[in-house]
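Enquirer: Position 3 of the sequence shown, counting from 1, maps to 3 under this note's numbering, and the rest follow consecutively.
From the three backbone atoms N, C-alpha and C, an ideal C-beta is built for every residue, glycine too.
First the structure, which I've put down as structure tokens, then a few questions once you've had a look.
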Amino acid sequence: MASIFTKIINREIPAYIIAEDENHIAFLDIFPNAKGHVLAVPKKEVDKLFDLSEEAYLDLMKFARKIAKAQEKVFPDVKRIGMAVVGLEVPHVHVHLIPLQDMSDMDFGKKLSFTPEQFKQIQKQLQKALL
């Protein structure tokens, strides 16, 4: 059965997509830990990060780095962009890129709420920063 991320990749369900290339997609987490929380995902459905080939793993990290650099431009006041790979909720490799002010921003029990308009504004800012 296709993961929720595969359904996003296939445009079966909507997402606030930030960037996409032939092998990856990045979109806003709809249950974010912090404003601008992005998921970078390989399009190929693989359950565990270290089951990716070395090439696919390195390509994912390069893709994630581009997104993190855009986040730094959009959120210049954050201390850093945190990165986490947990993958217990969705059996599809994904990298969390989270603008951090505090270690509590990495607390995956903490979820913020934004309106669709706020998500769209963040999406546009990050897309623009990637240009």
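(1) Output the distance between the C-alpha atoms of residue 71 and residue 1, rounded to the nearest integer angstrom.
(2) Using 7 Å as the threshold, is the C-beta distance between residue 64 and residue 95 below it?
(3) Three-state secondary structure (DSSP) at residue 1?
(4) With a cut-off of 8 Å on the beta carbons, I'd call residue 90 and residue 18 a contact; round off their distance for me.
(5) Check residue 129 in the structure and name its three-state DSSP category.
(6) Could you tell me the boundaries of the beta strand (DSSP E) in which residue 83 lies?
(7) Return the chain-ordered list of same chain residues with a C-beta closer than 7 Å to the C-beta of residue 7, the five sequence neighbours on each side being excluded.
(8) For my contact list, residue 33 and residue 108 are in at a C-beta cut-off of 8 Å; report their separation, rounded to the angstrom.
(9) Need the endpoints of the beta strand (DSSP E) that residue 134 sits in, please.
(10) At the level of alpha carbons, what is the spacing between residue 59 and residue 115?
(11) Would you identify the three-state DSSP class for residue 112, choosing helix, strand or coil?
(12) Please report the residue range of the alpha helix (DSSP H) in which residue 58 lies.
(13) Beta strand (DSSP E) containing residue 40: first to last residue?
Expert: On the basis of the supplied data:
(1) Stepping through the sequence shown from its first residue, residue 71 is reached at position 71. Stepping through the sequence shown from its first residue, residue 1 is reached at position 1. Taking the straight line from one Cα to the other gives about 32 Å.
(2) Residue mapping note: residue 64 aligns to position 64 of the sequence shown, counting from 1. Residue mapping note: residue 95 aligns to position 95 of the sequence shown, counting from 1. Cβ atoms of residue 64 and residue 95: closer than 7 Å.
(3) Taking the sequence shown and counting its residues from 1, the one referred to as residue 1 is at position 1. Looking at residue 1 - three-state DSSP - the assignment turns out to be coil, as it is neither helix nor strand.
(4) Here the question's residue 90 lines up with position 90 in the sequence shown. Here the question's residue 18 lines up with position 18 in the sequence shown. No, residue 90 and residue 18 are not in contact; Cβ-Cβ is about 18 Å, not under 8 Å.
(5) Reading the sequence shown from its first residue, position 129 is the one you call residue 129. In this structure, residue 129 counts as helix in the three-state DSSP scheme.
(6) For the purposes of this step, residue 83 is taken as the residue at position 83 of the sequence shown. Unbroken beta strand (DSSP E) run through residue 83: 80-84.
(7) Indexing the sequence shown from 1 puts residue 7 at position 7. Contacts found: 13.
(8) Position 33 of the sequence shown, counted from the start, is the residue given in the question as residue 33. Position 108 of the sequence shown, counted from the start, is the residue given in the question as residue 108. About 7 Å; that satisfies the 8 Å criterion.
(9) Given a span of 1 to 131 for the chain in the structure shown, any question on residue 134 remains unanswerable.
(10) Indexing the sequence shown from 1 puts residue 59 at position 59. Indexing the sequence shown from 1 puts residue 115 at position 115. Rounded to the nearest angstrom, the two C-alpha atoms are 32 Å apart.
(11) Along the sequence shown, read from residue 1 onward, the residue named residue 112 stands at position 112. Looking at residue 112 - three-state DSSP - the assignment turns out to be coil, as it is neither helix nor strand.
(12) Position 58 of the sequence shown, counting from 1, holds the residue named residue 58. Counting along the chain, the alpha helix (DSSP H) containing residue 58 begins and ends at 54-74.
(13) Within the sequence shown, the letter at position 40 stands for residue 40. Looking at the DSSP string, the run of the beta strand (DSSP E) that includes residue 40 is 38-42.
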